[in-house]
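Numbering (the working numbering), first residue to last: 576 to 726. For glycine and all other residues, C-beta sits at the position ideal for the given N, C-alpha and C.
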Amino acid sequence: MKTSFEILKIYREATVDVIDNLSMEQLQNIPHGFHNSIFWNVAHTLVVQQTLHYKLSGLEPLISNDWIENYKKGTQPKFVVTEDQVEYVKRKLISTVEQLESDYRENQFEHFAEYETAMGMTLFTIEDALDYNNAHEALHLGIIKTMKIIA
């Protein structure tokens, strides 16, 4: 699983690098043909990771339920984002991966609720969820990079 955690770290660091120097306007812009902003995509990856790994394992996520409700699948931006929220998400992108790896090593994910993804794939274990999440993060990193070019 070491490789799965390394991949997630790389995606997260790349995401922070991509958004690091964007203006608040660029982060919140929804380009023509898209349904969400760059910031929404970034926050969404954090929310999905926490949901797939912690909630499906019966554990308390490392972010609040408000974040989960505002950036889960099927949502759209509802409000203007603050610089504090951007900094919070950037910090959480990195710290949650470190905590996830630590929690995994400490066998915190011994229970996992089977889950069928939107793509019709069933996740049976935390390891399945880790692999699926990496594919999800890669998809959104690509979207974020595309949106940055447009923004």
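### Query
On the three-state DSSP scale, how would you describe Leu634?
DSSP places Leu634 in coil when its eight states are reduced to three.
### Query
Quick one: what's got a C-beta closer than 6 Å to His715's C-beta in the same chain, skipping five residues either side?
The residues Asn616, Thr620, in chain order, have a CB closer than 6 Å to that of His715 in the same chain once the five nearest residues on each side in sequence are set aside.
### Task
Could you give the DSSP three-state label for Glu600: helix, strand or coil?
Of the three classes helix, strand and coil, the one that applies to Glu600 here is helix, per DSSP.
### Query
When you compare each of Phe580, Phe609, His628, His607 to Thr700 by their alpha carbons, which one comes out closest?
Selected option, being the one with the closest Cα: His628.
### Query
Is it the case that the Cβ atoms of Gln651 and Asn604 are separated by a distance below 8 Å?
Taking 8 Å as the Cβ cut-off, Gln651 and Asn604 do not qualify as a contacting pair.
### Query
Taking only runs of the beta strand (DSSP E) that begin and end inside the segment 654-688, which ones reach a length of at least 3 residues, in chain order?
Correct list: empty.
### Message
Measuring only the C-alpha atoms, how far is Ser639 from Lys665?
### Response
Cα to Cα, the separation comes out at about 15 Å.
### Query
How would you label Asn708, buried or exposed, when you count the other beta carbons within 10 angstroms and need 16 or more for buried?
Asn708 comes out buried.
### Query
What residues in its chain sit with their C-beta under 7 Å from that of Ile725, if we drop five residues either side in the sequence?
Excluding the 5 residues flanking it on each side, Ile725 has same chain C-beta neighbours closer than 7 Å at Pro606, in chain order.
### Query
For Gly649, which option in Ala693, Asp659, Leu602 has the closest C-alpha, if you only look at C-alpha atoms?
Proximity to Gly649 across Ala693, Asp659, Leu602 peaks at Ala693, based on C-alpha coordinates.
#### Entry: As assigned by DSSP and simplified to three states, the class of Tyr586
Here Tyr586 sits in helix by DSSP.
### Query
Between Val672 and Arg587, which are expected to be in contact by the criterion C-beta below 8 Å, what is the C-beta distance as a whole number of angstroms?
Taking C-beta atoms under 8 Å as the contact rule, Val672 and Arg587 qualify, at a distance of about 6 Å.
### Collapsed DSSP secondary structure at Tyr646 in the structure displayed
In this structure, Tyr646 counts as helix in the three-state DSSP scheme.
#### Entry: Which residues DSSP lists as bridging Asp629, in chain order
Position check: residue 629 holds Tyr in this sequence, whereas Asp was assumed. According to DSSP, Tyr629 bridges with nothing at all.
### Task
Keeping to the same chain, check which residues put their C-beta closer than 8 Å to that of Lys653; ignore five residues upstream and five downstream.
So the list reads Asn645, once near-sequence residues are dropped.
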